[in-house]
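*Asks:* These protein sequence lines map, in sequence, to chains A and B. The numbering of the first sequence is my numbering, which starts it at 491 and goes up by one. The numbering of the second sequence is my numbering, which starts it at 842 and goes up by one. Ideal Cβ placement from N, Cα and C applies to all residues, glycine included. Take this structure, written in structure tokens, and hold onto it; I'll ask about it next.
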Amino acid sequence: MSLASPSSDRMPASPPGVPPAPESPRVALLGNPNTGKTTLFNRLCGVMSKTANFPGTTTRSRIGRCVAGERTLEVVDLPGAYRLSLGLPESKVCRAALLGEAGRRPDLAVVVLDATNLARNLILLAELAELGVPAIAALNMVDLAQQRGLTFDRARLSELLGCPVVPVVARRGDGVPELREAILEMLDRGSAPAPDQGRLDPQSFPSLEDWTEHVVAQGVGGRRAVGAALDTVTERLDQAFTHPLLGTLVFLGVMAGLFWTLFVLASVPMDLIEATFRHLGDWTAARIPPGAVRDLLVQGVIGGIAGSVVFLPQICLLFFLLSLLEDTGYLARAAFVMDRLLCRFGLPGHAFVPLLSSHACAVPGILSTPLIPDRQDRLTTILVAPLMSCSARVPVYVFLTSLLFADSPLLAGLAFSGCYLLGATAALVTAAITRRTILRGPSRPMVLELPSYKAPSLRNALLIAFHQGVSFLRTAGTVIMAICLVMWWLSAYPRTEPPAAAVALQRQAVALEGLGQPERAAELSRQADLLTSRHAQAQSFAGRLGRTIEPVFAPLGYDWQLTVGVLTSFLAREVFVSTMAVLLQAGSDDVESAGVLSRIRTARRDDGRPIFTRATSASLLVFFVLAMQCLSTLVVTRRESGSWRWAALQLGYMTTLAYLLAFATFQGLQKLGIA
Amino acid sequence: MKTVSSPSRPSPGLAPIHLTELTAGVEARLHAVQLGDEDFALLEALGMTRSCRFRVCKAGDPWIVQVRETRIGLADSVARRLLVVPQA
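In structure tokens:
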């Protein structure tokens, strides 16, 4: 599923909610990474933007609408690139966009320059001139530069560069109105070339670096005009954050904070969303007569939408926090701390954010993989991220470890921790194997610019979180909902009549009601409903599939009921617990209730043998640690990898790994007599 | 793998050494690079060009060097492949 518009050979279409203006001038935003380009884009366009892939790539861009005077401009935020001539994906995408090879050629480019590091940033401007694209230089972070004692002769710089120079502080919005005016003025000038008297031609210098030195020497003043600047605070922070011991401790603390915040804060809106949709379902059910339409609306549509929307808080919060962290400059240092460990397994240091986030949920974890510059590294991380034990697995872990070690909370706790360790180990080993086979090659050695430390932009972080959430709903959300509808249908159809035993219980309940015994009547009615649900589950397409596939899972110790539970949990892992509660007539899916656990523990197969033996429970636990049982994750894998092939590979290898290890666990424990 | 040498010869008596032999605070010039094309191009784009002068801010994995106003972090595996000439 491409994020691009249907005419995918062109740049994606205008954002929704704004009537397309066919003649809107197109302005490209270009710049080195960490120059504040995205911040400037947010200032120019606000929420009026959308995210899309460049055609044929997984490199993302944002396209927005900027109102300048009486005109509306289309602004394209190109990926950050150090040079257009590099072979890196970002450089190629920028070049293609500027040359009009990926859609309409921009009418002009705004090159965002970091005023604290002007020399290196100017090279992009020189390369842009070679392409013949009119340019404006937005000199960003002038406030930080001025704090360092630098002064800028704007007119002189403009003369030397042959283009307008507009000082801005994108973080505060300073200079942005002036930038809009400069853009309009340049667009009105049309194709008429700007006078270039006084322009320093880069071609007349031995190298671009010499040219930049001359421009800076003539246009920038102050006590640190040319040469390296000493920054004691930065030095000390870098020493601390990249120290083998202290850096690791700081990293663990920051990640623990991020993880805790994600887990705890996101759970509040997530619970609210679940409750809201539950009430919505109940409200709808109360107003529509029982039947197929009601079931479709309540269980299919509302349940399906809830299944997508429930991810939003975690996704938005994760990107909000990551944006803040990245803005501070810390993430680049943290990447080096993790690189020491991860590179042994063929993963880059950047992979720590997606892998750690996947402990909350693999969906936002995989969505954050664009942080990783190298494609092979990124694909490897995407493939192994779901092996990290996510929060959806927690109810299953609690359930199964309680069954395994009913009399020993300590052993149950150790088993619970062991699940996390197994998942993480499997992820690292799989990554190492992947880099030696299908994605052969070592992880790219880390070479990374360390940006200046600065206060993060709350506004930026909120906008990024908003856009990531909208983007998720628009793409993955629709597919997730469609899959939920299909899975619901498989579990709900064909319709069957209630079994005779349930009908008898309902009659008894009615009779008891008439005799003034409402509590007993309610209990019998509840039992009748459970029997009906179990019968419906067993007779549904999913249930019949369970019976058909049972021989495949028999070697793992599962009967048809466990097979149905495993199959339905491919929609969402946490469904397993409620499915088992229904199938085993436990009365409730509150597995912390002693009564419920007791009923489940003593549940029997059709042949009378217990369902949950030690070996079976252990086998199930291993299966759930390793299996790919999240269709939402597959959808975002497809989105981030650019192909269903990688999603299919992910499903295939994880299912195979889970099956083989669960088989080994069950058979091994049986042979040891631990059944 | 590409080896790129600086067009200028090292100062007499100052033979090129690996970056990993420097200590924090030392300034040096880049003499040769033994890296793949893409890694070398990225270093250049960050400012570590032939004969550029830089300062070692932090020694040890990761190495942190400063070229003009750019601070660059280098994994040990990269730093070992950079030949430099210390400057007085």
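1) So what does Gly521/A bridge to, in DSSP terms?
2) How would you list, in chain order, the residues of chain B whose beta-carbon sits under 8 Å from the beta-carbon of Val937/A?
3) Determine which residues share a DSSP beta bridge with Gln907/B and list them.
4) Against chain A, with Cβ distances strictly below 8 Å, would Ile858/B count as a contact?
5) My parser needs the beta strand (DSSP E) runs of 3 or more residues fully inside the segment 640-682 of chain A; what are they?
6) Report the CB separation of Thr529/A from Ser947/A in whole angstroms; it is logged as a contact under 8 Å.
7) Using a Cβ-Cβ distance under 8 Å, would Gly577/A count as near chain B?
8) Under 9 Å Cβ-Cβ, which residues of chain B neighbour Arg610/A?
9) Would you mind sorting Val853/A into buried or exposed? The rule is 16 or more other CB atoms within 10 Å of its CB.
10) Could you name the residues that DSSP lists as bridge partners for Glu868/B?
11) Count the other C-beta atoms from every protein chain shown that fall within 10 angstroms of the C-beta of His849/A, then say buried if there are 16 or more, exposed otherwise.
12) Counting only beta-carbon atoms, is Pro903/B nearer than 8 Å to chain A?
13) Under a three-way DSSP split, which group does Glu987/A fall into?
14) Between Trp978/A and Gln789/A, which are expected to be in contact by the criterion C-beta below 8 Å, what is the C-beta distance as a whole number of angstroms?
15) Taking the alpha-carbon positions, what's the Pro989/A to Ser1059/A distance?
16) With burial defined as no fewer than 16 other Cβ atoms inside 10 Å of the residue's Cβ, what is the status of Val658/A: buried or exposed?
17) Within 10 Å of its beta-carbon, does Asp897/A have 16 or more other beta-carbons around it, so buried, or fewer, so exposed?
18) Using a Cβ-Cβ distance cut-off of 8 Å, determine whether Thr641/A contacts chain B.
19) How would you label Phe1031/A, buried or exposed, when you count the other beta carbons within 10 angstroms and need 16 or more for buried?
20) Can you give me the Cβ contacts of Val908/B inside the same chain, cut-off strictly under 6 Å, excluding the 5 residues immediately before and after it?
21) I want to see whether chain B comes within less than 8 Å of Arg834/A, judged by CB atoms only; does it?
22) On the criterion of 16 or more Cβ atoms from any shown chain inside 10 Å, does Tyr699/A qualify as buried, or is it exposed?
23) Please say whether Arg1104/A and Ile1039/A have beta carbons closer to each other than 8 Å?
24) Quick one: what does DSSP say Leu863/B is sitting in, helix, strand or coil?
25) Is the segment 751-766 of chain A in contact with the segment 828-838 of chain A, if contact means three or more CB pairs nearer than 8 Å?
26) With a threshold of 8 Å between beta carbons, is Glu668/A in contact with chain B?
27) My parser needs the beta strand (DSSP E) runs of 3 or more residues fully inside the segment 831-858 of chain A; what are they?
28) Assuming Leu1167/A and Gly913/A are in contact, meaning their beta carbons sit under 8 Å apart, how far apart are those beta carbons, in whole angstroms?
29) Who are Ala625/A's beta bridge partners in DSSP?
30) Using beta carbons (cut-off 8 Å, strictly below), is Asp728/A in contact with chain B?
31) What in chain B is Cβ-close to Asp867/A, meaning under 8 Å?
32) Taking Leu674/A as the reference, give the member of Arg585/A, Phe1043/A, Val565/A and Pro523/A with the closest Cα.
33) Can you list, in chain order, the residues of its chain with a C-beta nearer than 6 Å to that of Thr1155/A? Leave out the 5 residues immediately preceding and following it.
34) With 7 Å as the C-beta to C-beta threshold (strictly closer), list the residues of the segment 828-859 of chain A near chain B in chain order.
35) In chain B, what lies closer than 9 Å to Asn524/A by C-beta?
36) In chain B, which residues lie less than 8 Å from Leu940/A when you measure between Cβ atoms?
*Replies:* Let me spell this out:
1) Val602/A
2) Asp880, Leu883, Leu884, Leu887, Ile913, Gly914, Leu915, Ala916 and Val919
3) Paired residues: Arg896/B and Arg912/B.
4) Not closer than 8 Å to any Cβ of chain A, the Cβ of Ile858/B fails to qualify, so no.
5) Counting only runs of 3 or more, we get 640-642 and 655-657.
6) Beta-carbon to beta-carbon, Thr529/A and Ser947/A are separated by about 6 Å, close enough to satisfy the 8 Å threshold.
7) yes
8) Ala886, Leu887, Gly888, Val908, Arg909, Glu910 and Thr911
9) buried
10) Arg896/B
11) When all chains shown are included, His849/A counts as buried.
12) The beta-carbon of Pro903/B is placed less than 8 Å from the nearest beta-carbon of chain A.
13) coil
14) For a cut-off of 8 Å, the C-beta gap from Trp978/A to Gln789/A is around 5 Å, short enough to register as a contact.
15) 26 Å
16) buried
17) exposed
18) no
19) exposed
20) So the qualifying residues of the chain are Gly888, Met889, Cys893 and Phe895.
21) no
22) According to the sequence as given, residue 699/A is Glu; it is not Tyr. Classification for Glu699/A: buried.
23) no
24) coil
25) no
26) no
27) none
28) In the structure as shown, chain A starts at 491 and stops at 1165, and residue 1167/A therefore has no counterpart that could be examined.
29) Ala599/A
30) yes
31) Simply none; closest approach about 13 Å.
32) The closest CA to that of Leu674/A, considering only Arg585/A, Phe1043/A, Val565/A and Pro523/A, is found on Val565/A.
33) Around Thr1155/A: Ala1108, Ser1109 and Val1112.
34) Asp829 and Arg830
35) Ordered by position in chain B, no residue passes the 9 Å Cβ test against Asn524/A, which lies about 10 Å from the chain.
36) Ile905, Arg912, Ile913 and Gly914
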